[in-house]
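Trainee:
There are 2 protein chains.
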Amino acid sequence: MENKYAIGIDVGGTTTKFGVVNNKGEILVQGRIPSNEHDFIEDFIQELYAKLMPMINEVGGIENIIGIGMGAPNGNIYSGTIEYAPNLKWKGIIPMADLIAKKFGVPAKLTNDANAAAVGEMMYGCAKNMKHFITITLGTGVGSGIVIDGKIVVGHDGFAGELGHTIIRPGGRMHKNTGMRGSLESYASATGVRETAIELLTQFPDKESLLRNYTINELTSQTVFECAMQGDPIANEIFEFTGEILGESLANFVMFSSPEAIVLFGGLTKAGNLLLNPTRQAMEANLLPIFKNKVKLIFSELNESDAAILGASALVW
Amino acid sequence: MENKYAIGIDVGGTTTKFGVVNNKGEILVQGRIPSNEHDFIEDFIQELYAKLMPMINEVGGIENIIGIGMGAPNGNIYSGTIEYAPNLKWKGIIPMADLIAKKFGVPAKLTNDANAAAVGEMMYGCAKNMKHFITITLGTGVGSGIVIDGKIVVGHDGFAGELGHTIIRPGGRMHKNTGMRGSLESYASATGVRETAIELLTQFPDKESLLRNYTINELTSQTVFECAMQGDPIANEIFEFTGEILGESLANFVMFSSPEAIVLFGGLTKAGNLLLNPTRQAMEANLLPIFKNKVKLIFSELNESDAAILGASALVW
Chain A
1 MENKYAIGID VGGTTTKFGV VNNKGEILVQ GRIPSNEHDF IEDFIQELYA
51 KLMPMINEVG GIENIIGIGM GAPNGNIYSG TIEYAPNLKW KGIIPMADLI
101 AKKFGVPAKL TNDANAAAVG EMMYGCAKNM KHFITITLGT GVGSGIVIDG
151 KIVVGHDGFA GELGHTIIRP GGRMHKNTGM RGSLESYASA TGVRETAIEL
201 LTQFPDKESL LRNYTINELT SQTVFECAMQ GDPIANEIFE FTGEILGESL
251 ANFVMFSSPE AIVLFGGLTK AGNLLLNPTR QAMEANLLPI FKNKVKLIFS
301 ELNESDAAIL GASALVW
Chain B
318 MENKYAIGID VGGTTTKFGV VNNKGEILVQ GRIPSNEHDF IEDFIQELYA
368 KLMPMINEVG GIENIIGIGM GAPNGNIYSG TIEYAPNLKW KGIIPMADLI
418 AKKFGVPAKL TNDANAAAVG EMMYGCAKNM KHFITITLGT GVGSGIVIDG
468 KIVVGHDGFA GELGHTIIRP GGRMHKNTGM RGSLESYASA TGVRETAIEL
518 LTQFPDKESL LRNYTINELT SQTVFECAMQ GDPIANEIFE FTGEILGESL
568 ANFVMFSSPE AIVLFGGLTK AGNLLLNPTR QAMEANLLPI FKNKVKLIFS
618 ELNESDAAIL GASALVW
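Each protein sequence line maps, in turn, to chains A and B.
197 is the number that the working numbering gives to position 197 of the first sequence; each next residue is one higher, with no gaps.
With the second sequence counted from 1, adding 317 to any position gets you the working numbering.
1. Any beta carbon from chain A within less than 8 Å of HIS482 of chain B's own beta carbon?
2. Let's see if you can read the secondary structure: which residues bound the beta strand (DSSP E) around ASP327 of chain B?
3. Quick one: measure Cβ to Cβ for LYS51 of chain A and GLY31 of chain A, integer angstroms, because I've assumed they're closer than 8 Å.
4. Hey, is the region 281 to 301 of chain A in contact with the region 100 to 113 of chain A, meaning 3+ C-beta pairs nearer than 8 Å?
5. Quick one: which residues of the region 173 to 186 of chain A get their C-beta closer than 7 Å to a C-beta of chain B? List them in chain order.
6. Kindly say whether PRO595 of chain B, judged by its beta-carbon, lies nearer than 8 Å to any beta-carbon of chain A.
7. For the alpha helix (DSSP H) that ILE41 of chain A lies in, which residues bound it at each end?
8. What number of angstroms, rounded off, separates the C-alpha of GLU240 of chain A from the C-alpha of LEU201 of chain A?
9. Does the pairing of the region 148 to 162 of chain A with the region 465 to 484 of chain B give three or more beta-carbon distances under 8 Å?
10. Who are the Cβ neighbours of ASN381 of chain B in its own chain at under 7 Å, not counting the five residues just before and after it?
11. Compare the C-beta of VAL436 of chain B with all C-beta atoms of chain A and state if any pair is closer than 8 Å.
12. Is the distance from the Cβ of GLY560 of chain B to the Cβ of ASN594 of chain B below 8 Å?
13. Hey, does LYS294 of chain A have any beta-carbon neighbour from chain B nearer than 8 Å?
14. Check whether the Cβ atoms of LYS270 of chain A and ILE234 of chain A lie closer than 8 Å to each other.
15. Can you name the residues of chain A whose CB is closer than 7 Å to the CB of SER574 of chain B?
16. Consult DSSP for ALA389 of chain B and reduce its assignment to one of helix, strand or coil.
17. Going along chain B in order, which residues have a C-beta closer than 7 Å to the C-beta of HIS132 of chain A?
18. Just to make sure I have the definition right: I need the residues of chain A whose C-beta is within less than 9 Å of the C-beta of ARG486 of chain B. Which are they?
19. Pick from B:SER500, B:ILE579, B:HIS482: whose alpha carbon is nearest that of HIS156 of chain A?
20. Would a C-beta distance cut-off of 8 Å place ALA477 of chain B and SER257 of chain A closer than the cut-off?
21. Is there a Cβ from chain A that is less than 8 Å from the Cβ of PHE608 of chain B?
22. If we cut at 8 Å on Cβ distances, does ILE148 of chain A have a partner in chain B?
23. Just to confirm the assignment: which complete beta strand (DSSP E) runs, minimum length 3, are found wholly within the region 556 to 613 of chain B?
24. Are the Cβ atoms of SER305 of chain A and ILE7 of chain A separated by less than 8 Å?
25. Do LEU614 of chain B and GLY437 of chain B come within 8 Å of each other at the CB atom, strictly closer than that value?
26. Is there contact between the region 120 to 139 of chain A and the region 89 to 100 of chain A, where contact requires at least three CB pairs shorter than 8 Å?
27. List the whole-angstrom C-beta distance separating ALA308 of chain A from LYS89 of chain A, where the pair is believed to meet the contact cut-off of C-beta under 8 Å.
28. Could you name the residues of chain B that ALA114 of chain A contacts, counting a contact when the two beta carbons are closer than 8 Å?
29. On the premise that ALA514 of chain B lies in contact with VAL541 of chain B, defined as a C-beta separation below 8 Å, what is that separation, rounded to the nearest angstrom?
30. Can you give me, in chain order, the residues of the region 61 to 87 of chain A that have a beta carbon less than 8 Å from any beta carbon in chain B?
31. Kindly list, in the order they appear in chain A, the residues whose Cβ is closer than 9 Å to that of GLU577 of chain B.
32. From the DSSP output, which residues share a beta bridge with GLY336 of chain B?
33. Could you say which of A:PRO34, A:ILE45, A:ILE56 lies nearest to ASN22 of chain A if we only look at CA atoms?
34. Just grab the DSSP bridge partners of ILE82 of chain A for me.
35. Straight-line CA distance for LEU585 of chain B to SER538 of chain B?
36. Along the chain, where does the alpha helix (DSSP H) containing ILE626 of chain B start, and where does it finish?
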């Protein structure tokens, strides 16, 4: 095992990140390619191969690679397939693990991207030594990985842990990709924050706000954060609102699996206490007394792409 | 083990049921006492002892009893205590398993009542051979037991699986015991059905309904059921409404743990398809495509008290 390495690949909606990882969980070298520039999965894999092989050669060639672990949206650990992922270009059922194994000539495993991140968190991050926790990725969408008794929850079919799609505002905001109303993802994601901004600016046309200085395309969770830091009341209200909905959802999750901690990561966590405080308040307010003041609500110490690459590579060991 | 027996005790909000169970999962003899007639736990245990000992003597005396298993609201498997159960008279933390073990002189174990029922379902009921399922008890309240990979989910502190208290209508109906708004239990319980009936009858004072022939005290989930069976439109609407909320909640639970089946039991299931059809419809409508038409929604084949007694006794084996 001395000079053996694993490849970790994280297929995201926009970007695919990958790295060569040693058995201490160190990413020796990493890279990225866009996820959605190829209509055919074979062309995507070809580009991945072209970028990865030089890295693999840096560590002594493919014979030093034990295997490839991947995380992807709607990835299924049982079958190694990506099934009907709404945010990817390749439709239907993609036998990703098989295609990768053939292309590289080493064993390949695939799981859900959020589950891969949770494994990374458990092996190398702030959930080390925890047996019961939930990770929530607040990015373009909302992903989740659930760990119970030290094991990722995958359910009877491999698809468990889609907490971003649980309904928290029945009849509420329409989710464009799923057509469902009121799901957590339609509020507590970067996309959701942008929509909340547009809604509030439209709803109160006379309320002054720094956010009115931006064009509609410039309104992002990042601009909302910057304006909130300057004390803008609407921008602050956006994070209050987002945190309230997120916190209510987290309370529901706690009453399901009673975790020791909830680990938040992804772009939205850059908002820090602006998001964390209202989230914690709403979570505690909606918990039964037996759960109150027990659950740690923390930000990941790993950066997001590291967690996903490390978690994916951990499938190999 | 030939002539050895276990005692199963199910402490409910109103009634405590108990039985002597053999190692084939047959209840040889059973009885019941009210749960809430004694202010002091010691007096309750004394009555239980007085009723159980003759049964125990029927099977050859206490030396033939391997142990006592109990299910109770807010029961904790790690500590054997009942902690702050809102529906029981005894407040604070009750060391139930210890008290019972001392009184009877045999080992005693305690868990959450709904978890006990789930174990009964897994060992002797319609979830036999299933490794991933959720049981939902629709009684005076809403209880739940979650099984993942063949094991009851208890969480880091032993309190997991309080799905009746998850919020499905934020800001909605007030739950009298918890003070929380919009929890599943405030709608999809016998109490909730009665409240929905009163709300609808008050909201539409001119709408004819058989339910108006009953006094407010006579309005129960049972009378609503009887009127619905006679085609009463308001009574039918009550089950539609209840099923819709229950189904939405079930969809959320499915996206958490992706179970093979959800097993419903408790008094409300007497409504049969009146409840099952709208529940199934709302559940399917709120699931991501990858979960649709996969999850069995079934009624328990065990009667409720059998499931709980058997499940509690199974803690002993």
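Beta carbons are placed, not taken as given, at the ideal position from N, Cα and C, and that holds for glycine.
Mentor: According to the structure shown:
1. Counting from one through the second sequence, the residue named residue 482 of chain B turns up at place 165. For HIS482 of chain B, the nearest beta carbon of chain A is closer than 8 Å to its own beta carbon.
2. Walking along the second sequence from the start, residue 327 of chain B turns up at place 10. Unbroken beta strand (DSSP E) run through ASP327 of chain B: 322 to 328.
3. If you number the first sequence from 1, residue 51 of chain A lands on position 51. If you number the first sequence from 1, residue 31 of chain A lands on position 31. The Cβ separation is near 5 Å, so the contact holds.
4. With contact defined as three or more Cβ pairs closer than 8 Å, the region 281 to 301 of chain A and the region 100 to 113 of chain A are not in contact.
5. Listed by position, the residues of the region 173 to 186 of chain A near chain B (Cβ gap below 7 Å) are THR178, MET180.
6. As a working note, residue 595 of chain B is residue 278 in the second sequence. So, not an interface residue.
7. Counting from one through the first sequence, the residue named residue 41 of chain A turns up at place 41. In the DSSP assignment, ILE41 of chain A falls within the unbroken alpha helix (DSSP H) covering 41 to 58.
8. For the purposes of this step, residue 240 of chain A is taken as residue 240 along the first sequence, with counting starting at 1. For the purposes of this step, residue 201 of chain A is taken as residue 201 along the first sequence, with counting starting at 1. Roughly 15 Å between the two C-alpha positions.
9. Cβ pair count under 8 Å is three or more, so yes.
10. For the purposes of this step, residue 381 of chain B is taken as residue 64 along the second sequence, with counting starting at 1. If the five residues before and after ASN381 of chain B are omitted, its C-beta is found closer than 7 Å to the C-beta atoms of ASN320, LYS321, TYR322, all from its own chain and listed in chain order.
11. Counting from 1 along the second sequence, the entry for residue 436 of chain B is found at position 119. Look at VAL436 of chain B: its C-beta is not under 8 Å from any C-beta on chain A.
12. As a working note, residue 560 of chain B is residue 243 in the second sequence. As a working note, residue 594 of chain B is residue 277 in the second sequence. With respect to ASN594 of chain B, GLY560 of chain B sits close: the two C-beta atoms are nearer than 8 Å.
13. If you number the first sequence from 1, residue 294 of chain A lands on position 294. Judged by the 8 Å Cβ criterion, LYS294 of chain A is in contact with chain B.
14. Within the first sequence, residue 270 of chain A is the residue found at index 270, counting from 1. Within the first sequence, residue 234 of chain A is the residue found at index 234, counting from 1. Result no, Cβ atoms of LYS270 of chain A and ILE234 of chain A do not sit closer than 8 Å.
15. The sequence position of residue 574 of chain B within the second sequence is 257, counting from 1. For SER574 of chain B, the C-beta contacts it makes with chain A under 7 Å involve VAL153, GLY155, ALA160, in order along the chain.
16. Your numbering for residue 389 of chain B matches position 72 in the second sequence. Here ALA389 of chain B sits in strand by DSSP.
17. The count along the first sequence starts at 1 and reaches residue 132 of chain A at position 132. Those are GLY472, HIS473, listed as they occur along chain B.
18. Along the second sequence, one-based indexing puts residue 486 of chain B at 169. The contacting residues are PRO170.
19. As a first step, residue 156 of chain A must be located in the first sequence, where it is residue number 156. It is B:ILE579 whose Cα lies nearest to the Cα of HIS156 of chain A.
20. As a working note, residue 477 of chain B is residue 160 in the second sequence. As a working note, residue 257 of chain A is residue 257 in the first sequence. Yes; because the gap between Cβ atoms is below 8 Å, this pair is in contact.
21. Taking the first residue of the second sequence as 1, we reach residue 608 of chain B at position 291. Interface residue (Cβ-Cβ distance to chain A less than 8 Å): PHE608 of chain B is classified as such.
22. On the first sequence, position 148 is the one that residue 148 of chain A refers to. ILE148 of chain A counts as touching chain B.
23. Counting whole runs of 3 or more residues, the region 556 to 613 of chain B contains the beta strand (DSSP E) stretches 578 to 582.
24. The residue you call residue 305 of chain A lines up with position 305 of the first sequence. The residue you call residue 7 of chain A lines up with position 7 of the first sequence. No Cβ-Cβ contact shorter than 8 Å links SER305 of chain A with ILE7 of chain A.
25. Here residue 437 of chain B corresponds to residue number 120 of the second sequence, with the count starting at 1. Here residue 614 of chain B corresponds to residue number 297 of the second sequence, with the count starting at 1. Cβ atoms of GLY437 of chain B and LEU614 of chain B: not closer than 8 Å.
26. Judged by Cβ distances under 8 Å, the region 120 to 139 of chain A makes no contact with the region 89 to 100 of chain A, as fewer than three pairs qualify.
27. As a working mapping, residue 308 of chain A is identified with position 308 in the first sequence. As a working mapping, residue 89 of chain A is identified with position 89 in the first sequence. Contact between ALA308 of chain A and LYS89 of chain A fails: their C-beta atoms lie close to 19 Å from each other, not under 8 Å.
28. Translated into the one-based positions of the first sequence, residue 114 of chain A becomes position 114. For a Cβ distance threshold of 8 Å, nothing in chain B lies close to ALA114 of chain A: the least Cβ distance comes to about 12 Å.
29. Counting from one through the second sequence, the residue named residue 541 of chain B turns up at place 224. Counting from one through the second sequence, the residue named residue 514 of chain B turns up at place 197. Right, their Cβ atoms sit about 5 Å apart.
30. For the region 61 to 87 of chain A, the set of residues with a beta-carbon nearer than 8 Å to any beta-carbon of chain B comprises ASN74, GLU83, TYR84, in chain order.
31. In the second sequence, the residue the question calls residue 577 of chain B occupies position 260. Per Cβ cutoff of 9 Å: GLY155, HIS156, ASP157.
32. Taking the second sequence and counting its residues from 1, one reaches residue 336 of chain B at position 19. Bridge pairing for GLY336 of chain B: B:GLY325, B:GLN347 [DSSP].
33. Mapped onto the first sequence, residue 22 of chain A falls at position 22. Closest by C-alpha distance to ASN22 of chain A, out of A:PRO34, A:ILE45, A:ILE56, is A:ILE56.
34. Taking the first sequence and counting its residues from 1, one reaches residue 82 of chain A at position 82. Note: ILE82 of chain A sits in a beta bridge opposite A:GLY75, A:ILE94.
35. For this step, residue 585 of chain B is matched to residue 268 along the second sequence. For this step, residue 538 of chain B is matched to residue 221 along the second sequence. Each residue's alpha carbon lies about 7 Å from the other.
36. Here residue 626 of chain B corresponds to residue number 309 of the second sequence, with the count starting at 1. Segment 621 to 631, the alpha helix (DSSP H) holding ILE626 of chain B.
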